[in-house]
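Colleague: Residue numbering for the sequence shown follows this note's numbering, starting at 600 and increasing by one per position.
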Amino acid sequence: MKFLKIFLTYTLFSFLIIACSKNENNTIPIPQNTSKEVTIFHINDQHGSLENFSKIKYIIDKEKEETNVMVVCGGDIFSGNPVVDNHDKKGFPMIDLMNKVGFDISTIGNHEFDYGEVILKDRFQQAQFSWICANVDMNTSGIPEPNEYKTIIKNDVKITFLGLVETNGKEDDIIPSTHPWRVQNLTFQKYNSVIDNYSQIKETENSDLYIALTHLGENTDKNIATNYPYFDLIIGGHSHSKTNTTVNNIPIFQAGSNLNYLGKIKLTIKDKEIENLTYDLINLSTYSNYDSTLKSLIDTYNENANLDQVIGFSEAYHGRAQVGFFYTDVLKNEMNVDITFQNTGGVRADLNEGDILKREIYTIDPFNNGSVTYTMTVAEIKNFLKGSGSGFYYSGGKIEQDGNEIVIKNDANDILSNNTNLTIGINDYIPAVYDTYFTQTPTFLPYTTAEAIINYLSNNSSPINFTNYNNYFKFE
C-alpha cells in the first residue's frame, strides 16, 4: 500500500513537471485573454424589398463556415412593395424570408406600425428573431412587448444590442412617423428620455460589446455617439444613408435602403474592446451568387401577387411631383370633391413612360390609407395650409400666396371668399396628423386611395400626362 502511494505521488509529480515544462520558444505559457472574432451583417429600411434576400442568404451562409456571425436589422421592414403590403397576411413575406435567412435581431422602425396593431401582433409572433425597442410600451394592445435590449451569444462572443425608434411623427404628440390612428393604444418616449437608463448594460450583462441598434437616422446616431458614448458601435436606419463613419471614437454604420446593400462588419474583440474592425458595404446589384431555394420562394411570392395587370398608359415619365399632380387630379374625380390634397411623403415612387401596371400604383401609394371627405370653409382650409407648415400637391382651382395671405381661386379663376364651403378629399393620414385642423367627423369612403387610382385607370382609356402641371403649395 505504501509503495502504491509512493508510485502515485511520483506519477502525479512527473505529470506536473511535464505539464509545466518549457515550450519550443523556451517560455512557460501563461493563460491570457485571447482575441475573439465575429462578423455582423446588417440591413435597414428594406421597405418590403424581397429580391436580394437570396443573395444575402448565400453570403451569410458562406461566412458562417469561417467565423461567428450575427445578422441584424435597423428597422422599417414593411411598406413599399405591393407584393408584401397587399399579401393576404400583410407583411408576412418579409418575416418569412428574414426567418429563413437567419436574422438574430431587429429594432422596430416607424413603418412597422403601418399595418395597424392587430397585424403587427401577428408578425411579431411569427418572427423567429428578437425585436428590441427601449422607447415603446405596447400596453394592452396585445402586441408582444419587445425587449429594451437583448444579448446575443454566438459561441464565445457575447454582444448586447439596445433598440430605439424615432418619434417625430406628429408635432403635438410623441409617436413614430406612421399613421397616428394605427398606434392609438401604444405609448412612446423620446430616445433621449430613456437612453441613459441603459448606460451600464454592458457591465450588467458582462458583454464583449454594447451596440445601439437604432431607427433614428444618421444625424441622431452621431448625436448619440457624442453625448451618450457608452456604446462600442452604432448600427442605424431611417435616413436611408450609406454611412461608414466614426464619431467620438464610436463607429457608425447604415446600409442604404430597399435591400440594395448589405453591410458587413468584421470585428476582432479583445478584453471587451474592439481590437480591429473592417467594413464592407456589399453592392447586391452587382453580386451574382444566390441561394436557389430562397430565390424560388421569392419568385413564388412575386408570381402569386398578380400585380402585373396593365391598367393604363403614361405618355411620359413622371417624377415624384408630377405623380403628385396626377394623384390628386384622379382623386378629385373619383371622390367627386371640389379640391384634393396629398402630402409629399405619401408619394413614394416615380412613374415610367408606357404601360401602367397595378404594381406601380401600389408602389407609389403603399400605405393602404383610407379615403375621406370633409366639408370645410375656405378660411378653414387656409388655416390648415398655414398652420401645418407643410407642402401639399393639390387639384381643384388655384392656391397662391400674397404676402402673408393665402388666396384660393376656383377653376374659373374667381377668388373664393373665406366663408365659401368646399368639399375636400384626402387620404386619412392627413387629418390624423393634422387633427387640430380637421375637427369634424369625416365621411369615410369604402376604398383606399390606391384603389381609387386603380379604379380610375381601369375605367378610363385616355393616356395620362401631367408633366406640365405645377399644383403644389406650401405657405412660406
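Note that beta-carbon positions come from the ideal geometry of N, C-alpha and C, so glycine has one too.
Spatial neighbours of Phe912 within its chain, please: CB distance less than 8 angstroms, with the 5 preceding and 5 following residues excluded, ordered by chain position.
Modeller: Along the sequence shown, read from residue 1 onward, the residue named residue 912 stands at position 313. Gly953, Asp954, Ile955, Pro1062 and Ile1063, listed in sequence order.
Colleague: With Thr777 and Gly768 assumed to form a contact (beta carbons below 8 angstroms), what rounded beta-carbon distance in angstroms separates them?
Modeller: Stepping through the sequence shown from its first residue, residue 777 is reached at position 178. Stepping through the sequence shown from its first residue, residue 768 is reached at position 169. Correct: roughly 6 angstroms between the Cβ atoms.
Colleague: To the nearest whole angstrom, what separates the beta carbons of Gly995 and Ile938, a pair I think is in contact under 8 angstroms?
Modeller: For this step, residue 995 is matched to residue 396 along the sequence shown. For this step, residue 938 is matched to residue 339 along the sequence shown. Right, the Cβ-Cβ distance comes to about 3 angstroms (below 8 angstroms), so this counts as a contact.
Colleague: Does Tyr916 pass the burial test, meaning 16 or more other C-beta atoms within 10 Å, or should it be called exposed?
Modeller: One-based indexing of the sequence shown puts residue 916 at position 317. Its Cβ having fewer than 16 others within 10 Å, Tyr916 is exposed.
Colleague: Give the DSSP bridge partners of His837, in chain order.
Modeller: Within the sequence shown, the letter at position 238 stands for residue 837. His837 is not bridged to any residue.
Colleague: Helix, strand or coil for Ala948, going by three-state DSSP, please let me know.
Modeller: In the sequence shown, residue 948 corresponds to position 349, counting from 1. It is coil, neither helix nor strand.
Colleague: Which residues does DSSP pair with Ser913 in a beta bridge?
Modeller: Your numbering for residue 913 matches position 314 in the sequence shown. Answer is Gly953 and Ile1063.
Colleague: Between Lys801, Ile833 and Glu804, which lies nearest to Gly816 when the distance is taken from Cα to Cα?
Modeller: In the sequence shown, the residue the question calls residue 816 occupies position 217. Taking only the C-alpha atoms, the option nearest Gly816 is Ile833.
Colleague: Where Phe723 and Pro743 are concerned, what is the direct C-alpha to C-alpha distance, given to the nearest angstrom?
Modeller: Sequence index remark: in the sequence shown, residue 723 carries index 124 (1-based). Sequence index remark: in the sequence shown, residue 743 carries index 144 (1-based). When rounded, the distance between both Cα atoms is 7 angstroms.
Colleague: Thinking just about the alpha-carbon of each residue, which of Ile897, Ser729, Lys821 and Phe1043 is nearest to the one in Ile752?
Modeller: Sequence index remark: in the sequence shown, residue 752 carries index 153 (1-based). It is Ser729 whose Cα lies nearest to the Cα of Ile752.
Colleague: Sorted by chain position, which residues of the same chain lie with C-beta nearer than 7 angstroms to Ile1025's C-beta, five sequence neighbours on each side aside?
Modeller: For the purposes of this step, residue 1025 is taken as residue 426 along the sequence shown, with counting starting at 1. Thr939, Phe940 and Val971.
Colleague: Grab the span of the alpha helix (DSSP H) containing Gln799 for me, first residue to last.
Modeller: Within the sequence shown, residue 799 is the residue found at index 200, counting from 1. Gln799 -> no alpha helix (DSSP H), and no H or E assigned at all.
Colleague: Determine the DSSP secondary structure at Gln1000, reduced to helix, strand or coil.
Modeller: As a first step, residue 1000 is located in the sequence shown; it is residue number 401 there, counting from the start. It is a strand residue.
Colleague: Strictly by DSSP, which residues pair up with Gln853?
Modeller: The residue given as residue 853 occupies position 254 in the sequence shown. Gln853 pairs with Thr842.
Colleague: Hey, could you find the ends of the beta strand (DSSP E) Leu761 is sitting in?
Modeller: Residue numbering aside, residue 761 sits at position 162 when the sequence shown is read from its first letter. Unbroken beta strand (DSSP E) run through Leu761: Val756 to Val764.
Colleague: Compare the Cα-Cα distances from Asp755 to each of Gly969, Val637 and Asp879 and report the closest residue.
Modeller: Numbered from its first residue, the sequence shown carries residue 755 at position 156. Measuring from the Cα of Asp755, the nearest candidate turns out to be Val637.
Colleague: Per DSSP, what kind of secondary structure is Asp964 in: helix, strand or coil?
Modeller: By one-based count along the sequence shown, residue 964 stands at place 365. Coil.
Colleague: What is the DSSP secondary structure of Leu1056, reduced to helix, strand or coil?
Modeller: Working through the sequence shown from its first residue, we reach residue 1056 at position 457. DSSP places Leu1056 in helix when its eight states are reduced to three.
Colleague: If I follow the unbroken beta strand (DSSP E) through Val793, where does it start and stop?
Modeller: By one-based count along the sequence shown, residue 793 stands at place 194. Run containing Val793: none in the beta strand (DSSP E); it sits in the alpha helix (DSSP H), Tyr790 to Val793.
Colleague: If you run the structure through DSSP and keep just helix, strand and coil, what is Ala726?
Modeller: Stepping through the sequence shown from its first residue, residue 726 is reached at position 127. Correct three-state label for Ala726: coil.
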